[in-house]
Amino acid sequence: MIYKILVENHNIYEYVSSNLIEKLSIVKVPVKNKIYFGLIIDIIDNNTNVEYIRKEIISITKFKLFSNNLNFIQQFHYLNIIKIGVSLKYLLYKIPKKPLKLKSINNNFILLNELTLSQKNVYESIKNYYNTHKKILLFGLTGAGKTEIYLKLIEDNLKSNKQVLFMMPEIGIISSLEIKLEKIGILPIRWFSGVKTSSGWQRVHDGEAVLVIGARSSVFLPFKKLGIIIIDEEHDSSYKEVGGYDGREMSKLLGSIFNIPVVMGSATPSSSSFYECQNDNYKLLSLTERFLSRSLPEIDMISHKNKNNIIFHEKILQNIKITLSKKQQVLIFLNKRGFGTISMCFICKHLQKCLHCDSNLIFHRLKCKLICHLCGKEYINNCLSCKKNGGIIVYGYGVERVSEYIKKIFPNENVGIFSSDFCNSSKKIKEFIQDVENNKYSIIIGTQLVAKGHNFLNIGLVAILNNNFLGFDPGSLEKLLQTIIQVSGRCGRGSIKGKVMIQIDNDFKTKIEESRYLYFLEKILNNRKKNNLPPFSNLILITHEDKNPIKASNFIKNVYEEIIKFSLDMKVFPPTNNQISKIKDKYRFFILINTKKIPYKHFMLIKEKFYNIKIDINPQDFF
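Residue numbering for the sequence shown follows my numbering, starting at 287 and increasing by one per position.
What follows is the structure in structure tokens.
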């Protein structure tokens, strides 16, 4: 028989076999001198007239996909303008070499706590959409009890012998959810980078009623009986791969294919999701008060110019002292890893920049090295220009310098740093969270890791430090508001009301209150509409990089000329170099396009002709 086979990382080719093989079976086939997995998508009559010799299928695996899986990778390939074989490669990641003998997961479903009236109303509304594709935005204040609703939805679907996909932006926030799941007897499959397993892949493929907790790549698991998709912290930019696909959009695609509800939850929903609610494409459900009627923290904004290396405004230091005297914990947020922000040679005054990237080197006292945050390259502390070890002067402050500063002022307090340099594994993250919950640290200094969904009950004060709050991309104000409210939400979650103090060194004077977040979104959307920015249009970023800057520049100009030939109804900005012009010895150039409708077919032609470009649809960052 002749078979049309979609080959991972390639395209669709024809192969022969004397065996009768079912459609959607996974087989192994040769391409050139290598062996790849392939998916049989069609069977052709042997009598077809052809003038070439087809290669034979090497072997047949015991695994077979389902029509929904094929539908998903076909649409994924089209919507993300990538080779269809790449989509299959994503889906077959961690496929077992042979079927594994697995004991089924026994979920005990220990009785959940009773929902509050407002939680129950939201839960009942979502329940009405079981077995229907409906996109639901659950807007709930920090600490309002969204997780309790999620747990009830998970329980319903598992008891109905269905699978659940619970998406989280990163593994760092899984610990508190796992603790709750353990209490009610539910054992999840984790699908994050570094913890993906062949046994997890097979359980999903076999249709076992399981809960999958995963990052954006979890949409590629071979689901058979998917019942609901939950996207926690739906606003988080981690769902969008830099230069690649958006896990949120692809989960909505998956939900439409399986005809199931997709629940997106956040205390700070994205402007695009709120816009869809305004246009009745999403159902908006709200939890407008905190669990057990706990009050929101008071927010105070303070202007501070950081003169003479004084990191904290005196008012913040006074409030730290008061909070500690009450035996409450203090959380200091600064989204800057390392000791400082700029490093300069004391002798020749040379600014220390990475040799491979257009980036300042950051001094890390933990390793006593200069580190590039783009490529990860580590340098000893000799000057890169004069080569002398006369000392590197470090300006600005990161979490390490703040920690050192705080320890001098409060020498008797136990200070912990919550950043990826100190907590670089899921085990260390979990241990740190437990230490905070057990009051091991009276002062916690954290980067973005601390802003995501942790339930710290004894935080009495949150101090947010930042300089240069606002970036240059269209979403910078929205990201700022989300960060402030998410970090503020770590405060006052127990019986303590709590206080939030935001220290800024610019003239950003907007009064920020969590209860007014949707009001802020409306203002942001009005501004976006005036400027024809997403979600009122689509931005497409086409990038190319090369070790030779002249080649890179000429190449992107050729791409630009080809796009202009289409004469489509879209604004195409001339090519230019990226804000960060070099990463890992490669010079970077881009074309920005603003368009109402995305011409997928035209961009597919561009991609085929200029295969080594990246096409990023509605990028999160423009660096």
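Where is the CB? At the ideal position from N, CA and C, for every residue including glycine.
What is the rounded straight-line gap between the Cα of Gly551 and the Cα of Tyr415?
What you label residue 551 is simply residue 265 of the sequence shown in a count that begins at 1. What you label residue 415 is simply residue 129 of the sequence shown in a count that begins at 1. Looking at the two C-alpha atoms, the distance is approximately 16 angstroms.
Counterpart residues of Gly429 in DSSP-defined beta bridges
As a position in the sequence shown, residue 429 is number 143, starting the count at 1. According to DSSP, Gly429 bridges with nothing at all.
Spell out the partners DSSP gives Leu878 in its beta bridges.
Sequence index remark: in the sequence shown, residue 878 carries index 592 (1-based). Answer by DSSP bridge pairing, in chain order: Leu827.
Could you check where the beta strand (DSSP E) with Phe619 kicks off and where it finishes?
Within the sequence shown, residue 619 is the residue found at index 333, counting from 1. Its beta strand (DSSP E) spans residues 615-619.
Exposed or buried, Ser556, counting other C-beta atoms within 10 Å across all chains shown (16 or more means buried)?
On the sequence shown, residue 556 is found 270 positions in, with the first residue counted as 1. By the 10 Å Cβ count, Ser556 comes out buried.
How close, in whole Å, do the beta carbons of Gly702 and Ile745 come, if the pair is a contact with beta carbons under 8 angstroms?
If you number the sequence shown from 1, residue 702 lands on position 416. If you number the sequence shown from 1, residue 745 lands on position 459. 13 angstroms between Cβ atoms; not a contact.
In three-state DSSP terms, what is Ser523?
For the purposes of this step, residue 523 is taken as residue 237 along the sequence shown, with counting starting at 1. It is helical.
Would you identify the three-state DSSP class for Gly324, choosing helix, strand or coil?
Your numbering for residue 324 matches position 38 in the sequence shown. Note: Gly324 maps to strand in three-state DSSP.
Quick check on Ala749: does DSSP put it in helix, strand or coil?
Along the sequence shown, one-based indexing puts residue 749 at 463. Correct three-state label for Ala749: strand.
Among Leu374, Leu451, Ser705, His650, which residue has its Cα nearest to the Cα of Val680?
Position 394 of the sequence shown, counted from the first residue, corresponds to residue 680. Residue His650 is the option with its Cα nearest to Val680.
Leu444 and Asn393: beta carbons closer than 9 angstroms?
By one-based count along the sequence shown, residue 444 stands at place 158. By one-based count along the sequence shown, residue 393 stands at place 107. In contact: Leu444 and Asn393 (Cβ atoms closer than 9 angstroms).
Buried or exposed, going by whether 16 or more other CB atoms sit within 10 Å of the CB of Phe704?
The sequence position of residue 704 within the sequence shown is 418, counting from 1. Phe704 should be labelled buried.
Rounded separation between Lys816 and Lys809 - CA only
Your numbering for residue 816 matches position 530 in the sequence shown. Your numbering for residue 809 matches position 523 in the sequence shown. Lys816 and Lys809: Cα-Cα distance of roughly 11 angstroms.
What does Arg476 pair with, by DSSP beta-bridge criteria?
As a first step, residue 476 must be located in the sequence shown, where it is residue number 190. Paired residues: Ile499.
In chain order, what residues of the same chain lie with their CB nearer than 8 angstroms to the CB of Leu603, ignoring the 5 residues before and after it?
One-based indexing of the sequence shown puts residue 603 at position 317. Within the same chain, Leu603 has close Cβ partners Ile695.
What's the gap between the Cα of Phe876 and the Cα of Thr769?
Taking the first residue of the sequence shown as 1, we reach residue 876 at position 590. Taking the first residue of the sequence shown as 1, we reach residue 769 at position 483. In a straight line, the C-alpha of Phe876 is about 28 angstroms away from that of Thr769.
CB Ser461 to CB Trp477, shorter than 9 angstroms?
Locating residue 461 in the sequence shown gives position 175, counting from the first residue. Locating residue 477 in the sequence shown gives position 191, counting from the first residue. No; because the gap between Cβ atoms is not below 9 angstroms, this pair is not in contact.
Among all the DSSP beta bridges, which residues are the ones paired with Phe649?
As a position in the sequence shown, residue 649 is number 363, starting the count at 1. Answer by DSSP bridge pairing, in chain order: Leu656.
In the DSSP output, which residue or residues are listed as bridge partners for Met856?
Here residue 856 corresponds to residue number 570 of the sequence shown, with the count starting at 1. Met856 pairs with Thr881.
Judging by CA-CA distance, which residue of Phe742, Phe452, Tyr301, Phe806 is the nearest neighbour of Cys777?
The residue labelled residue 777 in the question sits at position 491 within the sequence shown. The residue with the shortest Cα to Cα distance from Cys777 is Phe742.
Measuring CA to CA, which of Leu356, Leu437, Leu306, Gln405 is closest to Ala430?
Against the sequence shown, residue 430 aligns to sequence position 144. Nearest of Leu356, Leu437, Leu306, Gln405 to Ala430, Cα basis: Gln405.
Beta carbon of Phe323 nearer than 9 angstroms to that of Ile381
Start at 1 with the first residue of the sequence shown, and residue 323 comes out as number 37. Start at 1 with the first residue of the sequence shown, and residue 381 comes out as number 95. A contact, by the Cβ cut-off of 9 angstroms.
With 16 other CB atoms within 10 Å as the buried threshold, where does Val528 fall?
Here residue 528 corresponds to residue number 242 of the sequence shown, with the count starting at 1. That one is exposed.
Which term fits Arg802, buried or exposed, when burial requires 16 or more other beta carbons within 10 angstroms of its beta carbon?
Sequence index remark: in the sequence shown, residue 802 carries index 516 (1-based). That one is exposed.
Span of the beta strand (DSSP E) around Lys350
Taking the first residue of the sequence shown as position 1, residue 350 is located at position 64. First-last of the beta strand (DSSP E) with Lys350: 345-350.
Where Asp832 sits in the DSSP three-state scheme:
The sequence position of residue 832 within the sequence shown is 546, counting from 1. Correct three-state label for Asp832: strand.
Pull up the distance between the alpha-carbon of Asn675 and that of Leu811, whole angstroms please.
Position 389 of the sequence shown, counting from 1, holds the residue named residue 675. Position 525 of the sequence shown, counting from 1, holds the residue named residue 811. Each residue's Cα considered, the two are about 52 angstroms apart.
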